[in-house]
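Peer 1: Attaching a single structure in structure tokens format; questions to follow.
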């Protein structure tokens, strides 16, 4: 692996198509899925990544530059492998005892959906698998989505040269303040709302 770029629900892993890279990519995938709160998807994703990377090694060439992209889309995980070949893979008939030609069949069997697409510099083979997060992780995903939308409303802060982490933190504060204004407008006590939210958070954290 030549680098690692993880930003929010998207992770980009450039690599060279070599057998030794497969183990490193599998390890990186497991770590990233753990951070996203979907460890139950690790085994299936590792198998799919192994097949996709192995296909690049076999059909594009050992040492070819490629990129693995993971994208968490709420209850689906999208896996993409990009390379610089414009030859699209096609499934071929393969007997159970044959090694070659079975990769795409395995992909179709394990993935909820998959496909191939030509890109500006080559092609991408992608697949999506269902991944059910824990209840607490679903809350994190909903919060992340709300913050991403909220951040667009506070673009003026970006002109001040603040980092993405700082922008998200300030967006979180602004979002909480907006919710408290909403509660007050409905005749509710903002402090009571905060206390209830804190109680829910502590109960769910203790149960995790």
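Residue numbers (this note's numbering): 7 to 214. Cβ atoms here follow ideal geometry from the backbone N, Cα and C, with glycine treated the same way.
1. How is the beta strand (DSSP E) around residue 72 delimited, first residue to last?
2. How should residue 193 be labelled, buried or exposed, when 16 other C-beta atoms within 10 angstroms of its C-beta is the threshold for buried?
3. Between 87, 36 and 212, which lies nearest to residue 18 when the distance is taken from Cα to Cα?
4. Which first and last residues belong to the alpha helix (DSSP H) in which residue 63 is found?
5. Roughly how many whole angstroms lie between the Cα atoms of residue 22 and residue 84?
6. Tell me where the alpha helix (DSSP H) around residue 40 begins and ends.
7. For residue 132, list the residues DSSP reports as bridge partners.
8. Tell me, to the nearest whole angstrom, how far the beta carbon of residue 55 is from that of residue 35; I am working on the premise that it is less than 8 Å.
9. Could you check the C-alpha separation between residue 208 and residue 130 for me, to the nearest Å?
10. Taking Cβ positions only, does residue 179 come closer than 8 Å to chain D?
11. Leaving aside the five residues before and after residue 59 along the sequence, list all residues of the same chain whose C-beta is less than 8 Å from its C-beta, in chain order.
12. In angstroms with no decimal places, state the Cα-to-Cα distance between residue 203 and residue 178.
13. Apart from the five residues on each side of it in sequence, which residues of its chain come closer than 8 Å, Cβ to Cβ, to residue 2?
14. State buried or exposed for residue 172, treating a residue as buried only when at least 16 other CB atoms are found within 10 Å of its CB.
15. Whose C-beta lies closer than 7 Å to the C-beta of residue 128 among residues of the same chain, with five residues either side of it excluded?
16. For residue 20, which of helix, strand or coil comes out of DSSP?
17. Tell whether a beta-carbon distance below 8 Å holds between residue 3 and residue 82.
18. Where does residue 57 land, buried or exposed, given buried means 16+ other C-beta within 10 angstroms?
19. Does DSSP put residue 210 in a helix, in a strand, or in coil?
20. State the Cα-Cα distance for the pair residue 63 and residue 115, rounded to the nearest angstrom.
21. Mark residue 257 as exposed unless 16 or more other C-beta atoms lie within 10 angstroms of its C-beta, in which case mark it buried.
22. Would you kindly check if the distance between the Cβ of residue 77 and the Cβ of residue 16 is under 8 Å?
Peer 2: So, from the listed chains and residues:
1. 71–79
2. exposed
3. 87
4. 48–65
5. 21 Å
6. 25–42
7. 86 and 121
8. 6 Å
9. 43 Å
10. Protein chain content of the structure displayed is limited to a single chain, and chain D is not contained in it.
11. 21, 23, 27, 28, 31, 72, 74 and 87
12. 15 Å
13. An answer regarding residue 2 cannot be provided, because it is not within the stretch 7 to 214 covered by the chain.
14. exposed
15. 88, 89, 90, 91 and 92
16. strand
17. The chain is shown from 7 up to 214; residue 3 falls before or after that span and cannot be answered.
18. buried
19. helix
20. 21 Å
21. Residue numbering for the chain in the displayed model covers 7 to 214; residue 257 lies beyond these limits and cannot be assessed.
22. yes
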